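Using the working numbering, read the sequence shown as starting at 2 and increasing by one per residue. Glycine is no exception: its CB is placed at the ideal position from the N, C-alpha and C atoms. Just so you know, these numbers come straight off a predicted model, no measurement behind them. Working notes for the structure below.
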Amino acid sequence: MYKSKHLLPIVIIGLVVGALTAAQALLIDWLPPATSEQAERSFTLLWVLFWSSAVFFVIVTAVIIYSIWKFRAADDDLSEGPPIHGNTKLEVVWTAVPSIVLVAIAVYGYIVLDRNEAVAAGNLKVDVYAQQFAWTYGYPEAGIQTGVLKVPVNRQMELHVRSRDVIHDFWVPEFGIKGDAVPGIDHVLWINPTKIGTYPVVCAELCGVGHGVMRSKVDVVSQADFDAWLAKSKAKVAGNAAAAAAAEKAANAPGDVPAGKTIFEAKCGGCHAGLGTEAGGVGPQLTGAPLTLDGVKTQITNGKGAMPGGIVSGTDMADVAAYVMSIK
Ligand code: HEC
Ligand SMILES: [Cu+2]
C-alpha cells in the first residue's frame, strides 16, 4: 500500500487544529437553551453545518500549514515551479465530495424549514404590534390586548407580526425565531413552545433612539394557567365594557335638576359661582350662555382651558347637565 511520508505530520497538525476548533465550539456557550421545536431543529441544523464545515476546515488548514512549512522556497530561489499536469482522479474526488455534501445540506435545510413552518390545526393566533418603542399583543379570538405575550406550552402559536410605524424585528432568541415587522405587511411566524418559562422579546432591527430598550417578554405557561389567565382577562374586558356602557347610559338619562343643583354647588361652584348676575371666580357665567345639553356634557367630559375634564360622570353628570340647562 502507498504510504506518504507527509501523511503523519499532516495528521498531527490536523489533530491540533481540530482540537482548537472543537474547543472554541464546545467551551463557549454560543446558543441560548432551545425552548421551541423550531429552535431544537434550527440549532441542531446549525451544529451539523458547523461540524461538517469543521472537518473540511481542519483537513485544508492542516495541508496548508504543512505545505508552508515543508515546501517553502529558499529566499534566493527565483526559479519557476515544475510544470505539473493535474491529477484527474483527485479532481473528480474534490468536486464530487463537496457537491454531494452541499446537496445533502440543502435537502436537510429544506426539511427543517418545511417542518418549522408546518401549520398545526387549532393553533393560537396572536397579533404582534411593533411601534416605537414597544410591543403589544392582541388575541383576536378572545378580544383582549396585553403588553406581555402569554402562551400555553406545547401548543403552536401563529404570530401575525405588524408594525405601526417603521421597520422593527420580533426576536425571541430562545425560540430560535426572528421576523421583521414591516409597515403594511402581515408577517406570519409559527412557534411551538416546548418549555414553561419567561423569555425576552427583543427588537432586532435598529428602529430609532429607543431601539435598545424596545424589549418585552413572552410567558410560556401550562394550558391550565393559560386558560385561567384568558378567562380572567376576558372577564376584565367584559367588565370594563359593561361598566363603560352603564356609565354612558346613566350619563344619557334625563337628569334630576334638584340633585344636579347640589352636585353643582359642591363640584362646580368653586369656579362657576354667582350663577345669577356676577361671574364666578375662575369659570365664565353660565346663566345666559348659549349652551346645548350635548355641549355641556362634552365640556364636562373633556374639560377645556382651565376647566379639568371628568369632574363628574354617569348619573351625576346627567343631573348636573340638566341643572345647567335649567339655569342657562
Ligand atoms: C377649576 C375650575 C372649574 C371647575 C371646577 C368647573 N369649571 Fe366649568 N369652566 C371653567 C372655565 C375656566 C371655563 C371656560 C373654559 C374655556 O372656554 O376656556 C369653563 C367653562 C364651562 C362651560 C362652558 C361655558 C360656555 O359658555 O361655553 C360649562 C357648561 C361649564 N364650564 C360647566 C361646568 C360644570 C357643570 C362643572 C362641574 C361639573 C364645572 N364647569 C366645573 C372652570 C371650571
Ligand atoms: Cu424596534
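Exclusion of the five residues before and after V64 leaves I11 as the residues of its chain whose Cβ lies within less than 7 Å of its Cβ.
Ranked by Cα distance from W172, the first of T316, K218 and R73 is K218. Under the three-state reduction of DSSP output, K6 falls in the coil class, being neither helix nor strand. Contact between G310 and T302 is confirmed by a C-beta separation of about 6 Å, below the 8 Å threshold. Under DSSP, P141 forms no beta bridge with any residue. Between T195 and N155, the CB-CB gap stays under 8 Å. About 5 Å separates the CB atoms of I178 and I192; that is less than 8 Å, so the two are in contact.
Between I60 and G15, the C-beta gap is smaller than 8 Å, which places the two residues in contact.
Between the C-alpha atoms of P153 and W230 there is a straight-line separation of about 10 Å. A straight-line Cα-Cα distance of about 26 Å links D228 and N117. Spatial neighbours of A248 in its own chain (CB-CB distance under 8 Å, excluding positions within 5 residues in sequence) are listed in chain order as S314 and G315. Of Y324, R42 and A232, the smallest CA-CA separation from Y140 is found for A232. With 5 Å as the limit, the residues whose C-beta approaches any heavy atom of ligand 2 more closely are H169, C204, C208 and M215, in sequence along the chain. Your pair V325 and V283 does not check out as a contact, with CB atoms roughly 16 Å apart and the cut at 8 Å. Here DSSP, grouped into helix, strand and coil, assigns Q286 to coil.
Here the C-alpha atom of S327 lies approximately 19 Å from the C-alpha atom of C272. D166 and G211 have their C-alpha atoms roughly 13 Å apart. Under the DSSP assignment, I301 falls in the alpha helix (DSSP H) whose first and last residues are L294 to N303. Here the distance from the Cβ of I328 to the nearest heavy atom of ligand 1 is not below 7 Å. A distance of 8 Å or more separates the beta carbons of K250 and G289. When DSSP states are grouped into helix, strand and coil, F134 belongs to the coil group. Inside the stretch 124 to 211, DSSP marks no whole alpha helix (DSSP H) run of 4 or more residues. Taking a contact to require three or more Cβ pairs closer than 8 Å, the stretch 201 to 211 and the stretch 117 to 136 qualify as touching.
In this structure, the beta-carbon distance from T62 to E175 does not fall below 8 Å.
Going by C-alpha positions, L160 is about 35 Å away from Q25. In the three-state scheme derived from DSSP, where H, G and I count as helix and E and B as strand, R73 is classed as coil. In the assembly as shown, A239 is an exposed residue. Its beta-carbon has fewer than 16 other beta-carbons within 10 Å. M308 is bridged by DSSP to K305. Contact check for R163 against D187 passes: the beta carbons are separated by less than 8 Å. Distance check between Q224 and each of P83, N124 and P285 places N124 closest, using alpha-carbon atoms only. Taking C-beta atoms as the reference points, I145 and S234 count as a pair closer than 8 Å. C-alpha of D78 to C-alpha of F72: approximately 12 Å in a straight line. Shown here, D257 sits in coil according to DSSP, grouped into three states, outside any helix or strand. According to the DSSP secondary-structure assignment, V219 is paired through a beta bridge with L150 and Y200. Your pair P255 and A319 checks out as a contact, with CB atoms roughly 7 Å apart and the cut at 8 Å.
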